[in-house]
Amino acid sequence: MRISVVVCLIIFCAKSSNAQDFRLLDVDFNSIPERSNSVGLNTMSIKINMPLNLKKGVLINSVSFTKYSLDYDSNELINTSDIESFKTIRYSLGYLKKINNKWSFNVQVIPTISSNFESNLTLDDVTFDGGIIFIKSNNDSKFLLGLVYNSAFGTSAPIPIVSYSNKINDSVSYMLGFPITKMEYHFNLKNKANIYIMPKGFYANISDNIMLYNSKKAEKVKYRSILSGINYTHNVDDFWKISLDVGYQISSKYNLLNNNSNVYKFDTKNNFYAGLSINLDLLNKKN
1 MRISVVVCLI IFCAKSSNAQ DFRLLDVDFN SIPERSNSVG LNTMSIKINM
51 PLNLKKGVLI NSVSFTKYSL DYDSNELINT SDIESFKTIR YSLGYLKKIN
101 NKWSFNVQVI PTISSNFESN LTLDDVTFDG GIIFIKSNND SKFLLGLVYN
151 SAFGTSAPIP IVSYSNKIND SVSYMLGFPI TKMEYHFNLK NKANIYIMPK
201 GFYANISDNI MLYNSKKAEK VKYRSILSGI NYTHNVDDFW KISLDVGYQI
251 SSKYNLLNNN SNVYKFDTKN NFYAGLSINL DLLNKKN
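See below:
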């Protein structure tokens with residue numbers, strides 16, 4: 001399952017205010033196969049997180065690279081050769097700080113380059129994502145409230161963050177809210193599983209704008225979907241984890257844009273998907 005920088009941030013905020021609970025490395029592969037008269041999407045990503053405990057807070061540096069490969073139906077009305085592959089490079093700088101015994105906040109700035117890279121890099125390939133999240137902690141529960149702007153959700157608009165998480169006992173915990181809802185069960189110290197609903201998508205520039213059959217010009221691509229699935233995670237040792245995902249798209253949309261207006265809509269039938277993740281955690285035997 002491809003986990004975006006902001007999704008990872010939300011889960012991090014919900015779990016802890018300590019850098020020792022943060023993944024150091026994520027490598028992810030997932031696939032939504034092509035169906036008849038539909039678009040398939042394969043994603044590969046690698047993300048490196050570098051948390052640093054400061055005297056007054058936690059500084060989190062993250063760098064990620066994602067490649068999106070799309071499979072189109074042969075009957076599309078346009079030439080898709082220039083939009084079969086997109087790449088996204090993100091640098092994220094986050095700062096997590098306690099306000100008092102119950103409240104803390106996390107602010108994040110994420111300069112992003114996302115394009116098909118068919119020509120030289122320009123400012124059109126660059127977006128500036130970011131956001132702020134406030135966290136209220138109370139024993140085993142946490143409440144998150146914030147606002148983020150992140151193209152990894154497949155949108156160019158701000159997204160509200162509202163989330164409540166709670167640990168019921170040593171085995172069961174849950175998170176309710178938007179954009180992530182999930183329930184997690186720990187079988188033992190090495191194995192856990194969760195069911196979830198969460199967004200997936202991307203927003204990228206078409207470096208050489210393409211002309212459509214209707215004489216309109218396409219400048220951007222926007223892919224958005226909502227995934228519902230099951231994740232199983234096994235701790236190989238104190239550092240390495242491997243995760244498997246299977247699920248189904250509840251909804252999916254893929255459009256070409258001009259000035260943020262849709263100029264071409266692809267047929268994206270909801271489909272099953274599967275994913276594999278390999279993670280390197282800082283020393284944290286309990287998670």
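1 is the number of the first residue of the sequence shown in the numbering used here; add one for each residue after it. Glycine residues also receive a C-beta, built at the ideal position from the N, C-alpha and C atoms. If you're wondering where the values come from, they're calculated on a predicted model, not measured in any experiment.
Once the 5 residues before and after residue i are set aside, which same chain residues still bring their CB inside 7 Å of it?
i, result
"L77", "Y213"
"M211", "K217"
"V263", "L212, K216, A218, L256, L257"
"K192", "E184, Y185, H186, T233"
"F301", "Residue coverage of the chain in this structure runs from 1 to 287, which leaves residue 301 outside it and unanswerable."
"D129", "I110, T112, Y149, N150, S151"
"K269", "R35, S38"
According to DSSP, simplified to helix, strand and coil, what is residue i?
i, result
"S151", "helix"
"S45", "strand"
"S64", "strand"
"D267", "coil"
"L93", "strand"
"I226", "strand"
"I78", "coil"
"D71", "strand"
"D125", "helix"
"I180", "coil"
"I168", "coil"
"I83", "helix"
"I99", "coil"
"A157", "coil"
"R23", "strand"
"F143", "strand"
Rounded to whole angstroms, what is the Cα-Cα separation between residue i and residue j?
i, j, result
"G154", "S114", "12 Å"
"I226", "K102", "32 Å"
"F239", "V172", "22 Å"
"N205", "D82", "11 Å"
"M230", "Y174", "In the sequence as displayed, the identity of residue 230 is Ile instead of Met. Cα to Cα, the separation comes out at about 14 Å."
"K98", "Y68", "37 Å"
"I278", "K220", "31 Å"
"Y248", "I32", "9 Å"
"I180", "I195", "11 Å"
"A274", "I242", "14 Å"
Decide if residue i is buried, meaning its Cβ has at least 16 other Cβ atoms within 10 Å, or exposed.
i, result
"D237", "exposed"
"S261", "exposed"
"D245", "buried"
"S85", "exposed"
"F272", "exposed"
"S74", "exposed"
"K56", "exposed"
Leaving out the 5 sequence neighbours to the left and right, which residues in its chain are closer than 6 Å to residue i when beta-carbon positions are compared?
i, result
"I250", "I226, S228"
"L91", "The question names Leu, yet the displayed sequence has Tyr at residue 91. Closer than 6 Å at Cβ, skipping near neighbours: V63, P111."
"K136", "K102, W103, F143"
"D125", "I113, S115, N205"
"S119", "S207, D208"
"D26", "K47, N279"
"L52", "L59"
Notebook entry, point to check: Is there contact here, the segment 46 to 53 with the segment 62 to 78, by at least three beta-carbon pairs under 8 Å?
Noted result: yes
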